[in-house]
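In this text, residue positions in the sequence shown follow this note's numbering: the first is 9, and each later residue adds one.
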Amino acid sequence: MSTWTEPIFIENLLIVIVGLSISVWWLYKKIKSKLKEVEERQENIGKKA
């Protein structure tokens, strides 16, 4: 069983935290981009109508 003081455990924990941070950032960026795209599409529909 691993303990908090083992270097390999701390190293793996940091790798997982960095990976999760990157994936959350990537998802946030994609969702923000899609929301902006939808807003622009709605503005264009409003102007045409």
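Glycine included, each C-beta is placed from N, C-alpha and C at the ideal position.
Computed from a prediction, not measured in an experiment: that's the story for all the values here.
By the three-class DSSP mapping on this structure, what secondary structure does residue i have?
{"i": "Ser-31", "result": "helix"}
{"i": "Glu-48", "result": "helix"}
{"i": "Glu-14", "result": "coil"}
Considering only heavy atoms of the ligand NAP, does any lie closer than 7 Å to the CB of residue i?
{"i": "Thr-13", "result": "This structure lacks the ligand NAP, and indeed carries no ligand of any kind."}
Taking just the CA atoms, how far does residue j sit from residue i?
{"i": "Ile-18", "j": "Ser-10", "result": "10 Å"}
{"i": "Leu-22", "j": "Ser-31", "result": "14 Å"}
Spatial neighbours of residue i within its chain, please: C-beta separation below 8 Å, excluding the five flanking residues on both sides.
{"i": "Trp-12", "result": "Ile-18"}
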